[in-house]
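J.: Please find one structure pasted underneath; my questions will follow.
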Amino acid sequence: DTHGLPIERAVEKELSKKKIRKESLPKTEFRKLCREYANRYVNIQKEEFIRLGVLGDWENPYLTMSPEYEATEIRELGKFFEKGLAYRSKKPVYWCIYDKTAEGQAEVEYYEKEDPSIYVKFPLKKEIEGKKAYAVIWTTTPWTLPANLGIMVKEDADYSLVEVEGEVWIVAKELLENFFKNIGKTYTRVLKDVKGRDLVGLEYEHPFVDRDELKGYLSEETLKNMWRIYPSEFVSLDTGTGLVHMAPGHGQEDYTVGKRYNLEPYAPLDDSGRFVEPAPEFIRGVRVFDANKLIIALLKEKGYLVHEARIRHSYPHCWRCKNPVIFRATPQWFIGMDIEYEGKTLSGESLEEIEKVKWIPEYGKNRIKSMVENRPDWCISRQRFWGVPITVFYCENCGEVIKDKEVFERIASLVEKHPGGTDVWFEKSPEEILPEGYKCPKCGGTSFRKEEDILDVWFDSGCSHASVIRPLGFEKADLYLEGSDQHRGWFQASLLESVGSYGEAPYRSVLTHGFIVDEQGRKMSKSLV
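What the sequence shown shows, in my numbering, is residues 997 to 1525, in sequence order.
Given below as structure tokens:
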């Protein structure tokens, strides 16, 4: 594997010593430096493997940056577009605010993180029994509150309307005693109990966001439907209050419910995780995690903060830079797990293929099976430079995505013949790449722009069966061999890519080996050096 962010970061580090910023270089020049760096370490690693006694065809290794490999990868990608499995959408994805790129499920690791744990009361528009009423929510991500568009409840759960210091608070009945114990308060009396469905439709005011400031930024539909209570199947009564703050731009479940009720995925952040307009002025320019204390202070000042504490919990981190990631809605390319094609789905067919593979040890089958069953759509786009581009065009006239089979084949042929492989995508104009006289199939337009995102490196490695095994005349590999971390990485990416492209797993058997670990149980890894 020769593409990816670790190489970009290493090259950026070398450039910084010369006081050169990546942004000051043409993309083609930066890619050239990445290629040279990768080649240097391919040779170093080859020599080290030989010294270790590892057997391999060292004179003919396959490299994901070779023109032949990249051309095959583009043809493979074209098949997903041809089947209607690849699509572009704005929805929440893992986002690294330090590397400024989307990340896939296989690129995050979970570590313990300390965060605020706060209860906030949202004022309802209507009083209850002549008293000001509030919906009380719990969150460990105060920075997502500026993007709040709704509150979710469990339809068939019981909710108590309780009197507290002359106000009415709404909390799930099952969580009532635990909630008041956590905040160190008591309630005067229970006015009544209602079902969650009875709360649906109630409107509330945001504690610190002005509706007028969102006009012109959010759609009329969103402005009309936001700041109401909605039913959701994702609300649990394990912790919190049974009322869940919903930010469709910052959570997959929030997005699902928001989409159902025409609430757009609103996320007022830039790529580095700083708040931008129309976020409230007091946090503009502030990074998300730094904004927590400012938001908590304002809630306290306005009287909406019910309780504040700290919590240690498992939280996703970037596997490369080890910093916490966020969920952020951005336009990305996805491969759909449950989109129907030829009477089947990628998820369903992959699960069938898992049953046909021999897994050594046997628990590997259940491990990868549960991952495929529960995984979201595969986010395949990355906002970086060093990798295989997503080779689609956009019509400048009507916005149509150009994804014709003949166009993919033409690009793959150009890549095969170019010494720099996919560098040709960055060097040539759309007119030079597209077939002569090409017109938009939708509007007949003749002006196009190229997609700038590159492919997830797991799509790179997931294509190895098509680039290496199949050209040798084999339908699939007898054995894939790696560590257990690759159930979410190479094993899974290869499975999804092969099933989507050929309708079968790329391997007959998969063997998972153990790790050499240190005294703390950490695996031997370059990142520990």
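We put the beta carbon where it would ideally sit given N, CA and C, even for glycine.
#1: How would you label Y1130, buried or exposed, when you count the other beta carbons within 10 angstroms and need 16 or more for buried?
#2: Would you say the segment 1148-1155 touches the segment 1187-1196, given that touching needs at least three Cβ pairs under 8 Å?
#3: Can the beta-carbon of N1393 be found less than 8 Å from the beta-carbon of G1441?
#4: Is the shortest distance between the beta-carbon of F1323 and the beta-carbons of chain C less than 8 Å?
#5: Compute the beta-carbon to beta-carbon distance between R1532 and H1246, rounded to the nearest angstrom, for a pair I have assumed lies under 8 Å.
#6: In terms of residue numbering, what span does the alpha helix (DSSP H) encompassing E1249 cover?
#7: Do L1451 and L1342 have their CB atoms nearer than 8 Å?
#8: Does C1439 pass the burial test, meaning 16 or more other C-beta atoms within 10 Å, or should it be called exposed?
#9: Could you name the residues of the same chain whose beta carbon sits closer than 8 Å to that of R1306, not counting the 5 residues immediately before and after it, in chain order?
#10: Please name the residue, chosen from D1286, R1031, Q1482, that lies closest to P1415 on a Cα-to-Cα basis.
#11: Look up A1325 in the DSSP assignment and say whether it is helix, strand or coil.
#12: In the DSSP assignment, the beta strand (DSSP E) including W1134 goes from what residue to what residue?
#13: Which whole runs of the beta strand (DSSP E) in the segment 1443-1467 are 3 residues long or more, in chain order?
#14: Using DSSP with H/G/I as helix, E/B as strand and the rest coil, what is G1383?
#15: Would you report the Cα separation of E970 and S1497, rounded to the nearest angstrom?
#16: Does the segment 1398-1417 come close enough to the segment 1469-1481 to have 3 or more Cβ pairs within less than 8 Å?
#17: Going by Cα to Cα distance, which pick from E1217, V1240, F1230 is closest to V1116?
#18: DSSP three-state label for A1263, please.
#19: Please list, in chain order, all residues of the same chain as K1087 whose beta carbon is under 7 Å from its beta carbon, the five residues on each side excluded.
#20: Which ranges would you report for the beta strand (DSSP E) in the segment 1097-1184 if only whole runs of at least 3 residues count?
#21: What is the residue span of the beta strand (DSSP E) that K1087 lies within?
#22: Could you give the uninterrupted runs of the beta strand (DSSP E) lying entirely in the segment 1339-1413, keeping only those of 3 residues or more?
#23: Quick check on S1460: buried or exposed, where buried means 16 or more other Cβ atoms within 10 Å of its Cβ?
#24: Is G1479 closer than 8 Å to H1509 when the C-beta atoms are compared?
#25: In three-state terms, what does DSSP make of K1188?
#26: Please look up how many angstroms separate the CB atoms of I1376 and W1329, rounded, as I've assumed it's under 8 Å.
#27: Note down, one range per segment and in chain order, each alpha helix (DSSP H) of at least 4 residues found wholly within the segment 999-1074.
#28: For I1429, report the span of its alpha helix (DSSP H) as first-last.
#29: By the three-class DSSP mapping on this structure, what secondary structure does E1078 have?
#30: On a CA-only basis, which of D1206, E1515, E1199, E1170 is nearest Y1226? Give me that one, please.
#31: Under the rule that 16 or more other beta-carbon atoms within 10 Å means buried, what is Y1106, buried or exposed?
#32: Is the number of C-beta pairs between the segment 1203-1214 and the segment 1229-1236 that are closer than 8 Å three or more?
#33: Spatial neighbours of K1435 within its chain, please: C-beta separation below 8 Å, excluding the five flanking residues on both sides.
#34: Going by C-alpha to C-alpha distance, which of K1220, D1234, E1336, I1322 sits closest to K1079?
#35: For E1396, I'd like the list of residues in its chain whose CB is within less than 6 Å of its CB, leaving aside the five on either flank, ordered along the chain.
#36: Among the residues of its own chain, which have a CB less than 8 Å from the CB of E1108, if the five just before and after it don't count?
T.: By the coordinates alone:
#1: Working through the sequence shown from its first residue, we reach residue 1130 at position 134. Counting Cβ neighbours within 10 Å, Y1130 comes out buried, since at least 16 surround it.
#2: yes
#3: By one-based count along the sequence shown, residue 1393 stands at place 397. By one-based count along the sequence shown, residue 1441 stands at place 445. Taking 8 Å as the Cβ cut-off, N1393 and G1441 qualify as a contacting pair.
#4: Of the chains in the structure shown, none is chain C; there is only one protein chain.
#5: With the chain represented from 997 up to 1525, any question about residue 1532 goes unanswered, as that position is not in the structure.
#6: One-based indexing of the sequence shown puts residue 1249 at position 253. Where E1249 is concerned, the enclosing alpha helix (DSSP H) stretches over 1248-1256.
#7: Within the sequence shown, residue 1451 is the residue found at index 455, counting from 1. Within the sequence shown, residue 1342 is the residue found at index 346, counting from 1. No; because the gap between Cβ atoms is not below 8 Å, this pair is not in contact.
#8: Numbered from its first residue, the sequence shown carries residue 1439 at position 443. Classification of C1439: exposed, given that the 10 Å Cβ count is below 16.
#9: Counting from one through the sequence shown, the residue named residue 1306 turns up at place 310. Result list for R1306: E1110, D1111, P1112, S1113, in chain order.
#10: Residue 1415 sits at position 419 when you count from the first residue of the sequence shown. It is R1031.
#11: The residue labelled residue 1325 in the question sits at position 329 within the sequence shown. Three-state result, A1325: strand.
#12: As a position in the sequence shown, residue 1134 is number 138, starting the count at 1. Its beta strand (DSSP E) spans residues 1129-1135.
#13: 1444-1446
#14: Position 387 of the sequence shown, counting from 1, holds the residue named residue 1383. If DSSP states are grouped into helix, strand and coil, G1383 belongs with coil.
#15: No answer is possible for residue 970: it lies beyond the span of the chain, which begins at 997 and ends at 1525.
#16: no
#17: Walking along the sequence shown from the start, residue 1116 turns up at place 120. For the residues E1217, V1240, F1230, the minimum Cα distance to V1116 belongs to V1240.
#18: Looking up residue 1263 in the sequence shown gives position 267. A1263 falls in the coil class under three-state DSSP.
#19: The count along the sequence shown starts at 1 and reaches residue 1087 at position 91. Only Y1251, P1261, A1325 meet the Cβ criterion.
#20: Counting only runs that start and end inside the segment 1097-1184, the beta strand (DSSP E) elements of at least 3 residues fall at 1097-1099, 1104-1119, 1129-1135, 1146-1149, 1154-1160, 1163-1168.
#21: The residue labelled residue 1087 in the question sits at position 91 within the sequence shown. Note, K1087: beta strand (DSSP E), 1082-1092.
#22: DSSP runs (the beta strand (DSSP E)) wholly in the segment 1339-1413: 1354-1356, 1389-1391.
#23: Reading the sequence shown from its first residue, position 464 is the one you call residue 1460. By the 10 Å Cβ count, S1460 comes out buried.
#24: Taking the first residue of the sequence shown as 1, we reach residue 1509 at position 513. Taking the first residue of the sequence shown as 1, we reach residue 1479 at position 483. Going by beta carbons, H1509 and G1479 fall inside the 8 Å limit.
#25: Your numbering for residue 1188 matches position 192 in the sequence shown. In the structure shown, K1188 sits in a strand (DSSP, three-state: E or B).
#26: Translated into the one-based positions of the sequence shown, residue 1376 becomes position 380. Translated into the one-based positions of the sequence shown, residue 1329 becomes position 333. Right, the Cβ-Cβ distance comes to about 5 Å (below 8 Å), so this counts as a contact.
#27: As far as the segment 999-1074 is concerned, its whole alpha helix (DSSP H) runs of at least 4 residues are 1001-1013, 1023-1047.
#28: On the sequence shown, position 433 is the one that residue 1429 refers to. Per DSSP, I1429 belongs to the alpha helix (DSSP H) from 1426-1429.
#29: Along the sequence shown, read from residue 1 onward, the residue named residue 1078 stands at position 82. E1078 falls in the helix class under three-state DSSP.
#30: Residue 1226 sits at position 230 when you count from the first residue of the sequence shown. With distances taken between Cα atoms, Y1226 lies closest to E1199.
#31: Numbered from its first residue, the sequence shown carries residue 1106 at position 110. By the neighbour-count rule (16 or more Cβ atoms within 10 Å), Y1106 is not buried but exposed.
#32: no
#33: Counted from its first residue, the sequence shown places residue 1435 at position 439. Once the five neighbours on either side are set aside, the close Cβ partners of K1435 are G1441, T1442.
#34: Counting from one through the sequence shown, the residue named residue 1079 turns up at place 83. Of K1220, D1234, E1336, I1322, the residue nearest in Cα terms is E1336.
#35: As a first step, residue 1396 is located in the sequence shown; it is residue number 400 there, counting from the start. So the qualifying residues of the chain are C1436, K1438.
#36: For this step, residue 1108 is matched to residue 112 along the sequence shown. So the list reads R1308, H1309, S1310, Y1311, once near-sequence residues are dropped.
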